[in-house]
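Chains as they are written, first to last, in my numbering: chain A, -7 to 263; chain B, 3 to 280.
For glycine and all other residues, C-beta sits at the position ideal for the given N, C-alpha and C.
From a predicted model like this one, the values you see are computed outputs, not experimental measurements.
Here is the structure we will look at, set down as structure tokens.
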Ligand SMILES: Nc1ncnc2c1ncn2[C@@H]1O[C@H](COP(=O)(O)OP(=O)(O)OP(=O)(O)O)[C@@H](O)[C@H]1O
Ligand SMILES: Nc1ncnc2c1ncn2[C@@H]1O[C@H](COP(=O)(O)OP(=O)(O)OP(=O)(O)O)[C@@H](O)[C@H]1O
Ligand SMILES: [Mg+2]
Ligand SMILES: [Mg+2]
């Protein structure tokens, strides 16, 4: 469980990048954090693995105050995939990149081999095993950075913009990987601007704006609220927009529901 | 005359066994707005690098065929010369930012063109204004959020006023409203005669703005046509390219009611439904 209370943080330029944030994430939740550029999303998640320490307020991760522990200790529990993959990648080959943390955590060679294999397959990287991560395409790099964290199996998984550079197929695969891990009991937090991805796959959404949380709740409720979206530079998912434009009484982000609604409207017309 | 002409382009990166571009033929007329899409790793970024001469001039590798931009052959034109004609926003712009302040970063290109001071100041001001980051001009690019850095890269490009803009997933780190305004800006620049080549995976954001949609797969161009033709083609649904929700819904409805529907935007679909019901 993660508990954030009254968290305030400033980079020292006179504005609060985070301004009194309260947030609770229960074990094995799957949630998204969305909000405008500069809202404070990255700053917030950097507090969860101790890279940043609260200037005011507290961050408690699985019962431990992040101020009273080290990044190295937290890293075993909390895996954070950075927004920019180039900040994470450093090894000569993809395989070395993936095994690095595992070696560091002192795992047995057989276990390491097994996990690296899992990650290569799960993220469709098998062909790139011996390639330098720096010569990969944007989307491939991002997948290496995701794989390098997921293969050490942290209990809490935080992904900062995991869908950038991913085509639809990769996104769908990523979603199913995350859902699977989540069902196995992992807590998964996804920071993203990809509202369609949130609408399709993520049950809870936290909306940030100017360092504050301005909404938090079930995705299908939050993403059809115009006030929330306007305040945080989010645009509605295409289907919510369509719902409004068709004048549906209950807007939806589910394509089956929308297809059915339209069918009924057209049927009504035929009578 | 075409502003971009690519003929029989094949390219393999140094130390790579397999080609990243295979027999690519492509032509763009001045003032076209072309969307480039396709699965991750299909060659989109490589294609962009070939358009501004980074490939092969900086990357080396095995290059066959030819790329002409604004009448210049990329293989015999220095990269800085090409840079005045073709502006490229990289997929991961943070790595390209190196100045101490946002303002200097945006001024860097125009300074290198040796423009008069006032002209430079004006262009910088304007570019910052357009992407909405005037308030960040004193900040160091390192101290910006991911999306803010992306906006700096876009402003730096605009300040160069190139004839051809090549944008490699320019909206990847932008919030939806900023993404929309950057794309609309490209649309406006395009209406003023700038040729725009835009790489994007999220088709719902761009398909209604572009004239043409080119799909790569495995280093080849496998589809090229109007966005409506391409998005409703069988080829594209097989590729796993993300079809916008409106396209998915239109296809489902089509098969349910036996009427061919090919809508691209929620406006189009909504007004069709309202028209039928009214
Ligand atoms: N290292 C830094 N030094 C100074 N200011 C910073 C630094 N990193 C971020 N900021 C500022 O803090 C605010 C919050 O930044 P943060 O990176 O948390 O935003 P974000 O919500 O992740 O945005 P994005 O969607 O663009 O990635 C922004 O105004 C940003 O300019
Ligand atoms: N510097 C490089 N050296 C060797 N191979 C490379 C290099 N850059 C890219 N490649 C390979 O060339 C192919 C095409 O890569 P490219 O970056 O053009 O793909 P892309 O379509 O832009 O993908 P994405 O959507 O993931 O950014 C990929 O298989 C990639 O691994
Ligand atoms: Mg961020
Ligand atoms: Mg790319």
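For the C-beta of residue 251/A, the chain B residues within less than 8 Å are, from N- to C-terminus, 251, 254, 255, 258.
Under the three-state reduction of DSSP output, residue 152/A falls in the strand class. With 16 or more other Cβ atoms from the protein chains shown falling within 10 Å of its own Cβ, residue 158/A counts as buried. The three-state secondary structure of residue 120/A, taken from DSSP, is helix. Residues of the same chain with a CB within less than 6 Å of the CB of residue 204/A, apart from the 5 flanking positions on each side, are 11 in chain order.
The distance from the Cβ of residue 187/A to that of residue 22/A is about 16 Å, inconsistent with a contact at the 8 Å cut-off. Neighbours of residue 255/A across chain B, judged by C-beta separation under 9 Å: 255, 258, 259.
DSSP assignment within the segment 33 to 70 of chain B yields the following whole alpha helix (DSSP H) runs of 4 residues or more, N-terminal first: 46 to 53, 56 to 59. Ordered by chain, the residues meeting the criterion of a beta-carbon within less than 7 Å of a non-hydrogen atom of ligand 4 are 129/A, 130/A, 131/A, 157/A, 46/B, 47/B, 93/B, 170/B, 171/B, 201/B. Your pair residue 69/A and residue 125/A does not check out as a contact, with CB atoms roughly 25 Å apart and the cut at 8 Å. With distances taken between CA atoms, residue 250/A lies nearest to 247/B out of 247/B, 101/B, 264/B. For residue 240/B, no chain A residue has a Cβ inside 8 Å of its Cβ, as the nearest lies near 11 Å away. Residue 10/A has a beta carbon lying at 8 Å or more from every beta carbon in chain B. Under the DSSP assignment, residue 28/B falls outside any alpha helix (DSSP H), being part of the beta strand (DSSP E) whose first and last residues are 23 to 30. With a cut-off of 7 Å, the C-beta of residue 33/A is classified as near ligand 3, since at least one heavy atom of the ligand falls inside that distance. Just so you know, the alpha carbons of residue 30/A and residue 225/A end up roughly 11 Å apart.
Residues of chain B whose Cβ lies closer than 8 Å to the Cβ of residue 132/A are, in chain order, 42, 43. Where residue 222/B is concerned, the enclosing beta strand (DSSP E) starts and stops at 222 to 227.
Contact of residue 182/B with chain A is assigned, a C-beta pair being separated by under 8 Å.
The DSSP assignment places 8 to 17, 22 to 27 as complete runs of the beta strand (DSSP E) inside the segment 2 to 28 of chain A, in order along the chain (cut-off: 3 residues). Relative to ligand 3, the nearest heavy atom lies less than 7 Å away from the CB of residue 147/B. For chain B, the residues of the segment 30 to 59 of chain A that bring a beta carbon within less than 9 Å of one of its beta carbons are 30, 31, 32, 33, 34, 35, in chain order. Within 8 Å of the CB of residue 279/B, the CB atoms of chain A belong to 257, 258, 260, 261, in sequence order along the chain. For ligand 3, no non-hydrogen atom lies closer than 7 Å to the CB of residue 162/A. Under the 8 Å criterion on CB atoms, residue 16/A is classed as non-interfacial with respect to chain B. Among the residues of the segment 131 to 152 of chain A, those with a Cβ less than 9 Å away from any Cβ of chain B are 131, 132, 133, 134, 135, 152, in the order of the chain. Residue 127/A has its CB nearer than 7 Å to a heavy atom of ligand 2. Using a CB distance below 9 Å, the part of the segment 143 to 156 of chain B facing chain A consists of 145, 146, 147, 148, 149, 150, 151, 152, 153, ordered along the chain. Judged by pairs of C-beta atoms under 8 Å, the segment 167 to 177 of chain B does not touch the segment 118 to 133 of chain B, as fewer than three such pairs exist.
Just so you know, the alpha carbons of residue 244/A and residue 237/A end up roughly 12 Å apart. The alpha helix (DSSP H) runs of length 4 or more contained entirely in the segment 115 to 181 of chain B are, from start to end of the chain, 119 to 133, 148 to 160.
Non-local beta-carbon contacts of residue 21/B in its own chain, meaning distances under 7 Å to residues more than five positions away in sequence, involve 12, 13, 14, 221 in chain order.
Around residue 179/B, the beta-carbon contacts reaching into chain A at under 8 Å are 28, 225, 226, 227. Here the alpha carbons of residue 149/A and residue 90/A stand approximately 16 Å from one another. Counting along the chain, residue 218/B sits inside no alpha helix (DSSP H); it lies in the beta strand (DSSP E) bounded by residues 214 to 219. Taking residue 0/A as reference, the option from 44/A, 252/A, 131/A with the minimal CA-CA separation is 44/A.
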